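Here is the structure we will look at.
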Amino acid sequence: MRFACSDRPGFAYGRVATEGGFGKLAKQADIQDPAFSPRSGRPWAGPHPLSTDTPMELSRQSLVLSGIAALILFAAGGAFAYETYFRSDEPGVHTAGISERPIESVVKGFGRARPSVEIPIRSEVSGEIMELYVKEGDRVREGDPLVRLRDDDYRAAIQQRRASVLRAQADVAAARADSFRVARTLAREERLFEREMVPQSSVQEAQSAYDQSVARLEATEAAVKQTEALLDRARELAQQTRISTPITGIVTQLNVEVGERVLGTMRVQGTEIMRLGGPEAMEFVVSVPEDQIRTVDVGDAAEIQTESYGERLLKGRVVELANAARMGEGGIGSASEPEYPVHVRVTSPHKLAARLEPVSVTATDSADESGVPVLRPGMSGEVRILAASIADALAVPRAAVTTRNVSRLDSSAVAEFARLRRPPTGEPDDLRRVVFVLTGGVVHMVEVAVGLRSESVAQVSGQLQARDTVIVAPEDAVARELVPGARRSVDTFTEASAY
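See the structure below:
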């Protein structure tokens, strides 16, 4: 290997060529003399023998690296300053506006359709079913036959009672004839006594015999009446083996078949043979919770959406409220809550489904040929009762309203609990409804009174204005964590019109 050197003091520049390379330029290299420094005159360690950078180029690289480092430090300092002085250390919240708007209080419930007039049919006598004249869904008129029971025993009882009546009537005839005979004897003894032909004791004996014959006659006559009553009862029981419909309507439910034995209602409740529904109207019975029943009244309008009709709504009206509560089955949790049955009668034109009625069924509708909806007992539906409404109420999202104990919310307690991120605890009897208003990043607690509530908003009254902003989420923050004076940043804001 050989070098072609430069004439500059302290430096050697040249081409490095390998032997056997025919003088071809293999690599350009700037080689600094390790024995001399042009500025200080002292020896210094130069760059790597194969480095191609001059001292001037090295200075420019140092300046670039220094600038990059300064930018990184400046960015880190700015982020630190923002986190320290401008950004709250609390998590962000979701807020919403307050507005004046109409509110409708709607009470929802699920129920099943049934005829507004429904009569259970039971037999007064026990027996085997011999004939069923109807099927479920049949239309019937008042007086039409429904069921016939086996009546052999009852016809035999009629024959027995008839024989008893005949025997009692014969006893009456015998007692009457005996009474006539004794009466004549008494008259003869009285005439003889007047002629002083018989003693007075003979008259007394005849009088006693007459009184006894009259008593026997009255007893036999009473026996005739008793046996005749038993005969009438036997005939009535025999007639009750044939059951007829008491109203005009539709057989909504049939519980028995031919050959089954039913139990009569003379001493027990008896077997329910079928149910008849009146043709007047259908109704839905829904269960309303205890905290909502006070807003419902007879006459309130309602809308009914059934699974069979889809989006086709039926109109209804509240016709009856239960006076006594019943215990519900309970939803989430194990405790059951009192519920009040509410009867909502369907006011839209409709029919009660009949077995032989022509019905055209589509994906979203079920009606007869005239287009009138055909309702069937047992259809499920959601009932929405319009309990009350206000035209211009100050409304906040329901998620913004919570309950807090405010008896010990002084500044020191607020600061301490804010540091621990735990809500202040007050006296046990000072729970109030409040909302949290966010102003300039600072949380303020405002006590409110809640009026009507819809599905999304609630009417409130208190020291609030339509331009205020309330905190609606996170749920844990509204329910437990927020305290007056805390600083919070806004993650999202929702206009009042969106609720």
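Sequence positions in the sequence shown follow the numbering used here and run 22 to 520.
Idealized CB from N, CA, C, for every residue including glycine.
Only a predicted model underlies this, so the values are computations on that prediction, with no experimental measurement involved.
What residues in its chain sit with their C-beta under 8 angstroms from that of residue i, if we drop five residues either side in the sequence?
i, result
"E496", "A420"
"E293", "P141, I142, R143 and N276"
"E499", "First, the amino acid is wrong: residue 499 is Val here, not Glu. Within the same chain, V499 has close Cβ partners A420, A421, T423, F457, I492 and V493."
"P220", "F214"
"V161", "V155, L167, T266, T269, G270, I271, V272 and L297"
"A195", "T241"
"V481", "L415, A416, V417, V422, V456, V469, A470, V471 and G472"
"L185", "According to the sequence displayed, residue 185 carries Ser and not Leu. T248, L251 and L252, listed in sequence order."
"F43", "A caution first: F43 carries a pLDDT of 38, below 50, which makes its placement in the model unreliable, though a value can still be read off. Once the five neighbours on either side are set aside, F43 has no close Cβ partner at all."
"R237", "A196, D199 and S200"
"R176", "A259"
Flag this pair as yes or no: are the beta carbons of residue i and residue j separated by less than 8 angstroms?
i, j, result
"I124", "D489", "no"
"V504", "V464", "yes"
"T327", "S265", "no"
"G298", "E139", "yes"
"V306", "G132", "yes"
"V367", "L335", "yes"
"T248", "A189", "yes"
"E145", "M287", "yes"
"I455", "V417", "Here residue 455 is Val; the residue named in the question, Ile, does not match the sequence. No."
"R508", "G113", "no"
"P398", "P136", "yes"
"R263", "R169", "yes"
"S200", "V235", "yes"
"Q228", "L207", "yes"
"Q313", "M295", "no"
Considering Cα atoms alone, identify which of the options is closest to residue i.
i, options, result
"I406", "P362, R288, R338 and R143", "R338"
"D174", "V168, R182 and S482", "R182"
"M348", "V317, R333, S369 and P310", "P310"
"Q260", "P166, A90 and E516", "P166"
"D318", "E341, D159, V224 and S369", "E341"
"S475", "A244, A91, S369 and A412", "A412"
"G320", "V283, V279, V365 and D312", "V365"
"R205", "V186, D232 and A191", "D232"
"D172", "S147, G164 and E163", "S147"
"S308", "L94, A345 and F95", "A345"
"L459", "R254, F95 and L485", "L485"
"T304", "A91, A134 and I89", "For the sequence presented, residue 304 should be read as Glu rather than Thr. Closest by alpha carbon: A134."
"K246", "R212, R216, V289 and L187", "L187"
Contact defined as beta carbons within less than 8 angstroms: I believe residue i pairs with residue j. What is the distance between those atoms, to the nearest angstrom?
i, j, result
"A519", "L415", "Not a contact, Cβ separation roughly 17 angstroms."
"V127", "A408", "7 angstroms"
"A230", "V193", "Not confirmed; about 19 angstroms, so no contact."
"A343", "Y361", "5 angstroms"
"G130", "V404", "5 angstroms"
"E157", "V279", "Actually they do not touch by this definition, with Cβ atoms about 14 angstroms apart."
By Cβ distance, which residues of its chain are closer than 7 angstroms to residue i, with the 5 residues on each side in sequence left out?
i, result
"R256", "I179"
"G483", "V467, E468, V469 and A470"
"T316", "S126, V128, A408 and A409"
"E437", "Unreliable positioning characterises E437 in this predicted model, as indicated by a pLDDT of 47, which lies under 50. A coordinate reading is not provided."
"A244", "A189 and D192"
"E516", "G118"
"E163", "T266, P267, I268 and T269"
"Y210", "A small fix is needed here, since residue 210 is Glu in this sequence, not Tyr. Hits under 7 angstroms: V219, S223, V224 and A227."
"A322", "R338 and L407"
Below 6 angstroms CB to CB, which residues in the same chain sit around residue i once its five sequence neighbours on both sides are set aside?
i, result
"V511", "T116"
"F514", "T116"
"R425", "V455"
"G291", "R143, L284 and G285"
"G462", "R508"
"L452", "T424 and N426"
"R122", "A416"
**OP:** Run through the stretch 110-177 for me and flag every whole beta strand (DSSP E) of 3 or more residues, listed as ranges in chain order.
**Re:** List check, beta strand (DSSP E) in window: 114-118, 120-136, 139-143, 148-153 and 166-170.
_Continuous beta strand (DSSP E) assignments of at least 3 residues falling wholly in the stretch 258-304_ = The qualifying runs are 263-265, 270-275 and 293-298.
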